[in-house]
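If you number the sequence shown the way my numbering does, the last residue is 234 and the count never jumps.
What follows is one structure encoded as structure tokens, with my remarks underneath.
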Amino acid sequence: MTSLIKLMSLMAIFFASTFLVVNGLGWLSMESIERWLIAAESVNALVVAAIVISLLFLDLFIAVPTLSIMMLGGYFAGPYIGALAAFIGTFLAGVVGYGLSYFFGDRLLNVVIKDKAKQRDLRHKFREHGVLMILLSRALPILPEVTACMSGISHMKFMTFVLSWITVTLPYTIIAAYAGSISSLDNPKPAILTAVALTSFFWCGWLLLNRYGFRKEANSEL
């Protein structure tokens with residue numbers, strides 16, 4: 013379990029560093045994204061959808077505020093197109109992250125963890141808990157990308173990954189886009205309450221998993 017936590021932590025630090033660098037340079041700020049979407053709205057909702065899909069796919073390589081983008085998509089394109097765009101972008105990011113990590117993840121694993129036995133144990137541990145981790149990954153902005161990549165590195169069955177990813181992504185994107193669609197600059201309360209509720213829900217899931225899952229397993233290994 014220590015090797016698994018180590019690798020996931022390093023990946024999380026990498027994704028977080030991309031967010032800090034991009035924001036430090038003034039790229040992909042929320043103000044810029046809002047300006048793009050305002051301009052796109054003046055054309056049509058499909059242009060808004062294309063921008064949302066692109067940004068959420070880009071999240072695989074450069075961390076972006078995904079929940080905010082989903083809500084803005086709902087606000088500018090409406091709940092249906094906004095939700096569809098959010099789902100497509102997030103789905104593509106997950107599948108591509110899985111695929112890249114499946115075929116090239118061994119290189120990273122060999123650098124971080126050189127012991128082959130620990131590598132096998134890491135893959136086993138993630139396959140054992142991976143589905144739950146994916147289902148609870150929306151607790152933090154960076155965690156979904158980390159779990160997608162870990163699914164590929166651990167060689168989780170592709171259909172297992174896809175079904176788990178869709179199970180959490182579909183309702184999440186629908187709720188986020190709908191909350192954005194019923195919010196406004198004068199009344200941002202629905203979006204704020206939804207963000208708090210979603211984050212709290214997934215955090216509670218992680219706390220329960222840590223208390224009754226990981227901790228129990230850690231004690232059994234001692």
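Think of the CB as a built atom: it goes at the ideal place given N, C-alpha and C, for glycine as much as any other residue.
Report the rounded CA-to-CA distance for residue i versus residue j, giving the unit in angstroms.
i      : j      : result
Lys130 : Lys169 : 20 angstroms
Asp133 : Ala28  : 26 angstroms
Thr14  : Ser113 : 20 angstroms
Asn231 : Leu219 : Note that Asn231 has pLDDT 47, beneath the 50 cutoff, so the model's placement of it is unreliable and the number below is only indicative. In a straight line, the C-alpha of Asn231 is about 17 angstroms away from that of Leu219.
Val208 : Thr185 : 15 angstroms
Ala51  : Ile17  : 42 angstroms
Ala189 : Ile25  : 28 angstroms
Tyr11  : Ile63  : One cannot answer for residue 11 here, as it falls past the ends of the chain, which runs 13 to 234.
Lys137 : Cys216 : 22 angstroms
Ser163 : Arg139 : 7 angstroms
Leu205 : Gly142 : 29 angstroms
Asn122 : Cys161 : 15 angstroms
Ala191 : Lys128 : 47 angstroms
Met20  : Phe73  : 15 angstroms
By Cβ distance, which residues of its chain are closer than 7 angstroms to residue i, with the 5 residues on each side in sequence left out?
i      : result
Leu234 : The predicted position of Leu234 is uncertain, since its pLDDT is 47 and thus under 50; a value taken from the coordinates is nonetheless stated next. Excluding sequence neighbours, Leu234 sits near nothing in its chain.
Leu68  : Thr78, Ile81, Ala98, Gly101, Thr102, Ala105
Met42  : Pro77, Ser80
Ala75  : Phe27, Ala28, Thr30, Phe31, Pro153, Ile154
Leu70  : Val76
Ile65  : Ala97, Ile100, Gly101
Helix, strand or coil for residue i per DSSP?
i      : result
Met168 : coil
Trp39  : coil
Leu205 : helix
Gly86  : helix
Pro183 : helix
Ala75  : coil
Ser54  : coil
Ser193 : helix
Here's a check: name, in chain order, each residue in its chain whose Cβ is nearer than 6 angstroms to the Cβ of residue i, leaving out the five neighbours to either side.
i      : result
Thr159 : Met145, Ile146, Ser149
Leu155 : Ser149
Ile125 : Ser15, Gln131
Phe88  : Leu49, Glu53, Val60
Arg135 : Ser166
Quick one: using the 10 Å Cβ neighbour count with 16 as the cut-off for buried, is residue i buried or exposed?
i      : result
Thr179 : exposed
Val55  : exposed
Leu307 : As shown, the chain starts at 13 and ends at 234. That puts residue 307 outside it, with no answer to give.
Ile312 : Outside the shown range of the chain, which is 13 to 234, sits residue 312, and nothing can be said about it.
Trp39  : exposed
Gly111 : exposed
Phe116 : exposed
Gly36  : exposed
Met171 : exposed
Leu84  : buried
Can you confirm whether residue i, when its beta carbon is compared against all beta carbons of chain D, has any partner nearer than 8 angstroms?
i      : result
Ile154 : In the structure shown, chain D does not exist; there is a single protein chain.
| Runs of alpha helix (DSSP H) lying entirely within the segment 92-125, each at least 4 residues, in chain order | For the segment 92-125, not a single whole alpha helix (DSSP H) run of length 4 or above is found.
| request: Return the chain-ordered ranges of every alpha helix (DSSP H) run that is complete within the segment 123-168 and spans a minimum of 4 residues. | output: Runs of the alpha helix (DSSP H) inside the segment 123-168: 128-147, 155-165.
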